[in-house]
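Here the structure is laid out as structure tokens; the discussion comes afterwards.
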Amino acid sequence: MLTGANFKIEEADRAVPKASFSGRLVRSLFSLGVHADLAVSSIVRRTLICVFFFYTFGAQAVTIHVVRPVEAEELSMPIGFTFVVGTVSPPDSVVTCNGTLCDVDEDGAFLGFVPIRLNQGWLERKGQLCDAEFTFVARHEDEMAREVIDVFTPRSPSAAKLAQAVFEPEKTARVLRDQWVGLEGDNLGDVALIPKDARVQVASGSASNYTCRLPQGEEITISASELETDEGAGVAELTPKVFHIPDQTEISPFWKASAECPRAWGFWAFSEGEHLDVKVKCSLRQAEGPVDESRPLNDFKICLDPGHHPDPGAIGPRGFEERHSTLLIAHETAELLRAEGAEVEFTREEDPLPLKERHARIHHMNPDIMVSIHNNSVGDGDDPRLRRGTQTFYLYPWSKPLAEEVHHAILEELGTQDRGCIQRNLYMTRYPGCPSILIEPEYLIIPDQEKKFMNPEYRHRLATAIVKGIRNFVLRTTSNAS
Ligand SMILES: [Zn+2]
């Protein structure tokens, strides 16, 4: 499995990992040196298992390479089922995990939806006490391989203790930098700017996020790393600003349609001291003059956001990472867009850019359109074998027609199932400065769909569909609006 900041783009299909048991033994011993945080008992146990199988079955033994879960993974639930993926060799082996049969593809990539099995003996991993395990068994004729992965769930005592330490209800916290946050429920589509140094009321919290209350009672979620719980002596009180965005003609309370600015295509606001500056985008593109209908993308500035990195995103059974896949799709799309006269910029390429820094990067580019490219996955408890097809997300009214056009172009080109063009409050759909959407063409964690994402011809067809969707959006909106 590839990890770390440096990675190379992989163009061609990748061979299924074929580590032998002797290879696993070496890797186990190697990991003893580099992962000092692993419990010694586990290393000994694993090494013994490797040695046992090495001597019992020899170098021809069955091998299994688990991609998900990873050691010490934090599951979001303590009971029920979750998905597991990886590869097995020989490919016609039978794979079970926690006693449940997994589906194995012809090249050995496997996918299972298996029960979470609680472990009564606590094991320490990365300072946490693991309380669940996944036992993989692969069988081929008389040979077998076994792999145990320890994980922890929200019920593990150390996870509970950690949450308690962070959770300090009804305290105030200072916001460390400007935050765009989306509101949920009845206010879906509205967005609040919580300016740097504003103080929010902490209602509840966990290790990574706080739920905070705004003065009008709206609840928002902010990453714990963006907040400092202090008494706030000497810091100016800045009130969060909520932008209500009910339709195309109003971004209250700051803007209403007028002859000079008949339609909103986005807005941007930022705080400076106690001032709040709001700029509304009045025309779809920055270039002067009418759109050339024979070459509609000419002079458009389009931002492509290859999802993920530094985090790998979803990882397919063969180890193909979402961050690699999205960058390859973005490059293919950019080439086609540039051929039609558009100017294209990426939020990131090989260098990582954390999610929370992407709005600022896009704002600096000031694009006319933003498309965030992802490959789909599922959460714990959701059976991936039932998941097929394309989803496209948007949040604001001005992003909806773009989402619809790109969504339908993908369905048409790839022949995928329609899983909906959905209004959802996601960090990337929340970018307010221009029509902004997030696409999930198919599921990377499903063996046959991972294979598609690894195929350059498929990525080319997907890129063609994205460009067609953007083109149709521009033609549709410029023919019936100024
Ligand atoms: Zn993603």
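Heads up, the working numbering is the position in the sequence shown plus 18, with the first residue counted as 1. Quick reminder that beta carbons are idealized off the backbone N, C-alpha and C, glycines included. On a predicted model such as this, the values are computed, not experimentally measured, just so you know.
Original post:
So is the beta-carbon of V468 under 7 Å away from any non-hydrogen atom of ligand 1?
Top reply: Here residue 468 refers to the residue found at position 450 when the sequence shown is read from its first residue. Note that residue 468 corresponds to Glu in the displayed sequence, not to Val. Answer for E468: no, Cβ out of range of ligand 1.
Subject >> Beta-bridge pairing of M388 - partner residues as DSSP gives them >> reply: Locating residue 388 in the sequence shown gives position 370, counting from the first residue. According to DSSP, M388 bridges with C321 and S454.
Original post:
For N490, does the three-state DSSP call read helix, strand or coil?
Top reply: Taking the first residue of the sequence shown as position 1, residue 490 is located at position 472. Reduced to three states, the DSSP call for N490 is helix.
Original post:
Apart from the five residues just before and just after C120, which ones in its own chain have a Cβ nearer than 8 Å to its Cβ?
Top reply: Numbered from 1 along the sequence shown, position 102 holds the residue referred to as residue 120. Correct list, in chain order: V102, V113, T114, F128, L129, G130 and V132.
**OP:** Whole angstroms is fine: what's the gap from V362's alpha carbon to A305's?
**Re:** As a working note, residue 362 is residue 344 in the sequence shown. As a working note, residue 305 is residue 287 in the sequence shown. The straight-line gap from Cα to Cα measures roughly 14 Å.
Original post:
Whose C-beta lies closer than 8 Å to the C-beta of N137 among residues of the same chain, with five residues either side of it excluded?
Top reply: By one-based count along the sequence shown, residue 137 stands at place 119. Closer than 8 Å at Cβ, skipping near neighbours: C148, D149, A150, E151 and D168.
Original post:
DSSP beta-bridge partners for N443?
Top reply: Here residue 443 refers to the residue found at position 425 of the sequence shown. Bridge partners of N443: none, in fact.
Original post:
On the three-pair Cβ rule with 8 Å, is the segment 259-271 touching the segment 387-395?
Top reply: no
**OP:** Could you tell me if the beta carbon of G325 falls within a distance shorter than 7 Å of some heavy atom in ligand 1?
**Re:** The count along the sequence shown starts at 1 and reaches residue 325 at position 307. Inclusion of G325 in the 7 Å shell around ligand 1 follows from its C-beta lying nearer than that to a non-hydrogen atom of the ligand.
**OP:** Excluding the 5 residues preceding and the 5 following K297 in the sequence, name in chain order all residues of the same chain whose CB lies nearer than 7 Å to its CB.
**Re:** By 1-based counting over the sequence shown, the position of residue 297 is 279. The residues are F285 and W286.
Subject >> Inside the segment 342-416 only - beta strand (DSSP E) runs reaching at least 3 residues >> reply: 361-364, 387-391 and 408-412
Original post:
Taking contact to mean at least 3 C-beta pairs separated by less than 8 Å, is the segment 339-352 in contact with the segment 398-412?
Top reply: no
**OP:** Say yes only if the C-beta of G331 is nearer than 7 Å to one or more non-hydrogen atoms of ligand 1, and no if none qualify.
**Re:** Indexing the sequence shown from 1 puts residue 331 at position 313. Yes, Cβ of G331 sits closer than 7 Å to a heavy atom of ligand 1.
Original post:
Name the DSSP beta bridge partners of T100, please?
Top reply: Locating residue 100 in the sequence shown gives position 82, where the first residue counts as 1. T100 is bridged to V132.
**OP:** Flag this pair as yes or no: are the beta carbons of L7 and E358 separated by less than 8 Å?
**Re:** The question about residue 7 has no answer here: the residues shown for the chain are numbered 19 through 500.
**OP:** Tell me whether T190 sits in a helix, a strand or coil according to DSSP, three-state version.
**Re:** As a first step, residue 190 is located in the sequence shown; it is residue number 172 there, counting from the start. Here T190 sits in strand by DSSP.
**OP:** Confirm, please, whether the CB-CB distance from E237 to V193 is below 8 Å.
**Re:** Position 175 of the sequence shown, counted from the start, is the residue given in the question as residue 193. Position 219 of the sequence shown, counted from the start, is the residue given in the question as residue 237. It is not a contact, given that the beta carbons lie outside the stated cut-off.
Subject >> Enclosing beta strand (DSSP E) for H83 [first to last residue] >> reply: Within the sequence shown, numbered from 1, the residue matching residue 83 stands at position 65. Counting along the chain, the beta strand (DSSP E) containing H83 begins and ends at T81 to R86.
Original post:
Taking just the CA atoms, how far does E468 sit from M446?
Top reply: The residue you call residue 446 lines up with position 428 of the sequence shown. The residue you call residue 468 lines up with position 450 of the sequence shown. About 23 Å.
Subject >> Cutoff 6 Å; reference P465; Cβ partners in own chain excluding five residues on either side >> reply: On the sequence shown, position 447 is the one that residue 465 refers to. Excluding sequence neighbours, P465 sits near D123, A127, L129 and P335.
**OP:** Leaving out five residues on either side along the sequence, give the residues of the same chain with a beta carbon under 6 Å from the beta carbon of A156.
**Re:** Walking along the sequence shown from the start, residue 156 turns up at place 138. Only residues of its own chain outside the window of five on either side were considered, and among them V80, I82, V106, S111, V113 and A163 have a CB closer than 6 Å to the CB of A156, listed in chain order.
Original post:
Is the beta carbon of D323 sitting closer than 8 Å to the one on M383?
Top reply: To locate residue 323, count along the sequence shown from 1; it is residue 305. To locate residue 383, count along the sequence shown from 1; it is residue 365. Their beta carbons are not under 8 Å apart, which means D323 does not touch M383 by this criterion.
Original post:
For N137, which three-state DSSP category applies?
Top reply: Numbered from its first residue, the sequence shown carries residue 137 at position 119. DSSP places N137 in strand when its eight states are reduced to three.
Original post:
Taking 7 Å as the cut-off, does the CB of H392 come closer than this to any heavy atom belonging to ligand 1?
Top reply: Translated into positions along the sequence shown, residue 392 becomes position 374. Yes, the Cβ of H392 comes within 7 Å of a heavy atom of ligand 1.
**OP:** Step through the CB atoms of chain C and report whether any lies within less than 8 Å of the CB of G235.
**Re:** The chain inventory of the structure shown lacks chain C, comprising one protein chain alone.
Original post:
Which residues in the same chain have their Cβ closer than 6 Å to the Cβ of P459, if we skip the five residues on either side of it in sequence?
Top reply: Translated into positions along the sequence shown, residue 459 becomes position 441. Only T408, I428 and L480 meet the Cβ criterion.
Original post:
For T267, does the count of other Cβ atoms within 10 angstroms reach 16, so buried, or fall short, so exposed?
Top reply: On the sequence shown, position 249 is the one that residue 267 refers to. With fewer than 16 Cβ atoms within 10 Å of its Cβ, T267 is classed as exposed.
Subject >> C-alpha gap between L232 and R313, whole angstroms >> reply: Translated into positions along the sequence shown, residue 232 becomes position 214. Translated into positions along the sequence shown, residue 313 becomes position 295. Near 47 Å, if we compare the C-alpha coordinates of R313 and L232.
Original post:
Assuming I455 and L432 make a contact with CB atoms under 8 Å, what is their CB distance in whole Å?
Top reply: In the sequence shown, counting from the first residue as 1, residue 455 sits at position 437. In the sequence shown, counting from the first residue as 1, residue 432 sits at position 414. In fact, because the Cβ distance is near 17 Å, the residues do not count as touching under 8 Å.
**OP:** Go ahead and pull the three-state DSSP assignment for H425.
**Re:** Along the sequence shown, read from residue 1 onward, the residue named residue 425 stands at position 407. Of the three classes helix, strand and coil, the one that applies to H425 here is helix, per DSSP.
**OP:** Might you give, ordered along the chain, the residues of its own chain that have their beta carbon closer than 7 Å to the beta carbon of K470, omitting 5 neighbours on each side?
**Re:** For this step, residue 470 is matched to residue 452 along the sequence shown. A distance below 7 Å between beta-carbons, with the five flanking residues on each side excluded, links K470 to the following residues of its chain, in chain order: E460 and Y476.
Subject >> Close beta carbons around F318, own chain, < 6 Å, minus the five adjacent residues each side >> reply: As a first step, residue 318 is located in the sequence shown; it is residue number 300 there, counting from the start. So the qualifying residues of the chain are R303, A360 and D386.
Subject >> Residue environment, G203, which counts as buried when at least 16 other CB atoms sit within 10 Å >> reply: Counting from 1 along the sequence shown, the entry for residue 203 is found at position 185. With fewer than 16 other Cβ atoms within 10 Å, it is exposed.
Original post:
Name the DSSP bridge partner or partners of M162?
Top reply: Reading the sequence shown from its first residue, position 144 is the one you call residue 162. Paired residue(s): R157.
Original post:
Is there at least one non-hydrogen atom of ligand 1 closer than 7 Å to the beta-carbon of E340?
Top reply: Sequence index remark: in the sequence shown, residue 340 carries index 322 (1-based). True, at least one ligand heavy atom lies under 7 Å from that Cβ.
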